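2 protein chains.
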Amino acid sequence: MTELMLALDVLTRAEAMDIAEKTYPYIDAIKIGYPLVLGSGLSVARDLAEFDLPLIADFKVADIPNTNRLIAEHVFEAGFSGIITQGFTGRDSVSACVDVAHNAGGKCYVVTEMSHPGALDFMGEGVAERLAELAVECNADGIIAPATRPERVKALRQIIGSKKILSPGVGAQGGSAEEIAPLIDSMIVGRSIYNSEDPAKAAQSYSCVRDL
Amino acid sequence: MTELMLALDVLTRAEAMDIAEKTYPYIDAIKIGYPLVLGSGLSVARDLAEFDLPLIADFKVADIPNTNRLIAEHVFEAGFSGIITQGFTGRDSVSACVDVAHNAGGKCYVVTEMSHPGALDFMGEGVAERLAELAVECNADGIIAPATRPERVKALRQIIGSKKILSPGVGAQGGSAEEIAPLIDSMIVGRSIYNSEDPAKAAQSYSCVRDL
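Below is the structure:
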């Protein structure tokens, strides 16, 4: 079964809590990023943790090992259950995040490809494969790969085996839920749910796709 | 003249204010990162802005263009005067940070190389040159390149011309201040100052090197 992860990319704590309250019965996990955390403070994690779903810090951590470690420690102390790190800063930086995550009983996922046009400048074919290999070598729990490029997801699956694939890009960015669902473990959907007039119904509509 | 930028990588607002208070007459700029901001809140920027020095958010921003834009908006609204972004996420992501910075009257710097061992996995020779070219094309104000590898700094200078080079890695990481100072615009020093028994004196010792 493919899980549904809500990318809660709203700008205020009030909006985040409102959308989470409306959608939590129909989603499997929540992911938030720096814009919400910078505006609300890291304590927004404690509020969202009340919905008792995995809560992922999509911070795309991209610093030296010691700074990555300090960032990850803040994340897990704040109540998150997982963290997303960039991989291009190399093995020691990724390992720092993985180690903190696992010591906290949490998960760490490595970005291999992204779904915006500029991602092809440095992170396209070849590099993404090496990043997926790095994720395996560092004992990460999975990778992030774009739903907008299913053929790439298939190529990366060959490398990571049974580790998780989390895929953004469904909905507003044009990725097809039906096409990508069978290839991945978690479908990340944001705007199509939180910008919907009826977020609960929108989330439910993806729940059906999950069982494809 | 090479400027001295203090990397204020302490963990609490109290420590940050204490070190800044002791060293501000001897430094030209302050740089802080996510560990301090996640622990103290973004409002620590307003406190540090009181020292009337350029204040740089070393967030190594590494997301899609829209998220980069939102992060940069938070940064400049909080009182920072500059932001550091990764370049690896490509042209549109870098441009998003540069645009917000320049609209706010601030600066944006692009990481081309880093000084930890893992940086060589994906960001070594060749890639760093392309990242420096990207910084120029995106009209960024400068780049970050490691003081631990002066020969690389020289190679990157050929690409960026008169744009600024900010260099970490002096002091605790082994880079030689005397060797790197003539090659760069801003020397980033952290632990050698804030972990010193006499931070003011330590900062002053680098002030001498600035005039090399």
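Residue numbers (my numbering), protein chains in the order written: chain A, 1 to 212; chain B, 1001 to 1212. Cβ atoms here follow ideal geometry from the backbone N, Cα and C, with glycine treated the same way. Keep in mind that this is a model prediction, so the values were computed, not measured.
Taking 8 Å as the CB-CB limit, is residue i close to chain A?
i: B/A1064; result: It should be noted that the sequence gives Ile, not Ala, for residue 1064 of chain B. By this cut-off, B/I1064 is an interface position.
i: B/H1213; result: Nothing about residue 1213 of chain B can be reported from this structure: the residues present for chain B run from 1001 to 1212 only.
i: B/I1071; result: yes
i: B/G1175; result: no
i: B/S1186; result: no
i: B/G1033; result: yes
i: B/S1093; result: yes
i: B/P1117; result: yes
i: B/V1127; result: yes
i: B/K1060; result: yes
Which residues in the same chain have their Cβ closer than 7 Å to the Cβ of residue i, if we skip the five residues on either side of it in sequence?
i: A/D141; result: K107, C108, Y109, K163 and K164
i: A/P150; result: E179, I180 and L183
i: B/M1114; result: M1123 and P1146
i: A/A202; result: S192, I193 and S196
i: B/G1174; result: T1148
Mind checking which residues open and close the beta strand (DSSP E) that includes residue i?
i: B/S1186; result: S1186 to V1189
i: A/V94; result: Element bounds for A/V94: not the beta strand (DSSP E) but the alpha helix (DSSP H), R91 to N103.
i: A/M5; result: E3 to A7
i: A/L11; result: Counting along the chain, A/L11 falls outside any beta strand (DSSP E), and DSSP gives it neither H nor E.
i: A/T214; result: There is simply no residue 214 of chain A to check, as chain A begins at 1 and stops at 212 in what is shown.
i: A/V236; result: Within the shown structure, residues of chain A are numbered from 1 to 212, placing residue 236 of chain A beyond reach of any answer.
i: A/I180; result: Premise fails: A/I180 lies in the alpha helix (DSSP H), A177 to I180, not in any beta strand (DSSP E).
i: B/G1142; result: G1142 to I1144
How big is the Cα-Cα spacing for residue i and residue j?
i: A/G169; j: B/A1155; result: 38 Å
i: B/D1198; j: B/K1022; result: 9 Å
i: B/T1012; j: B/I1019; result: 11 Å
i: B/L1008; j: B/A1016; result: 6 Å
i: A/S176; j: B/V1075; result: 34 Å
i: B/H1116; j: A/Q204; result: 45 Å
i: A/Y34; j: A/V94; result: 19 Å
i: B/A1128; j: B/F1088; result: 9 Å
i: A/G41; j: A/G105; result: 23 Å
i: A/M187; j: B/P1065; result: 21 Å
i: A/S207; j: B/T1148; result: 51 Å
i: B/S1081; j: A/M5; result: 35 Å
i: B/A1101; j: B/F1051; result: 21 Å
i: A/L166; j: A/I56; result: 11 Å
i: A/D121; j: B/A1200; result: 43 Å
How about residue i and residue j: are their beta carbons less than 8 Å apart?
i: A/V153; j: A/G171; result: no
i: B/E1133; j: B/I1159; result: yes
i: B/I1027; j: B/D1058; result: no
i: B/G1062; j: A/Q86; result: The question names Gly, yet the displayed sequence has Ala at residue 1062 of chain B. In this structure, A/Q86 lies closer than 8 Å to B/A1062 by Cβ.
i: B/L1038; j: B/V1044; result: no
i: A/T67; j: A/D185; result: no
i: A/V111; j: A/I144; result: yes
i: A/R91; j: A/C138; result: yes
i: A/I71; j: A/L48; result: no
Between residue i and chain B, is any beta-carbon pair separated by less than 8 Å?
i: A/G90; result: yes
i: A/A14; result: no
i: A/D121; result: yes
i: A/S207; result: no
i: A/G39; result: yes
i: A/T112; result: no
i: A/L42; result: yes
i: A/T148; result: no
i: A/T67; result: yes
i: A/Q86; result: yes
Would you give the residue range spanned by the alpha helix (DSSP H) that residue i belongs to?
i: A/G39; result: Y34 to S40
i: B/F1122; result: A1119 to F1122
i: B/K1154; result: P1150 to I1160
i: B/F1076; result: P1065 to E1077
i: B/A1057; result: Per DSSP, B/A1057 belongs to no alpha helix (DSSP H); it is in the beta strand (DSSP E), L1055 to V1061.
i: A/L183; result: Where A/L183 is concerned, there is no enclosing alpha helix (DSSP H), given that its DSSP letter is neither H nor E.
i: A/A132; result: V127 to E137
i: A/D47; result: V44 to A49
Excluding sequence positions up to five away, which residues of its chain have a Cβ less than 8 Å from the Cβ of residue i?
i: A/A53; result: Checking the sequence shown, residue 53 of chain A turns out to be Leu, not Ala. Correct list, in chain order: Y24, I27, D28, A29 and I30.
i: A/R46; result: A78 and G79
i: A/V136; result: I159, I160, G161 and K163
i: B/A1096; result: P1065, N1066, N1068, R1069 and A1072
Answer yes or no: the CB of residue i versus the heavy atoms of the ligand ZN, is any distance below 7 Å?
i: B/T1023; result: This structure does not include the ligand ZN; it has no bound ligands of any sort.
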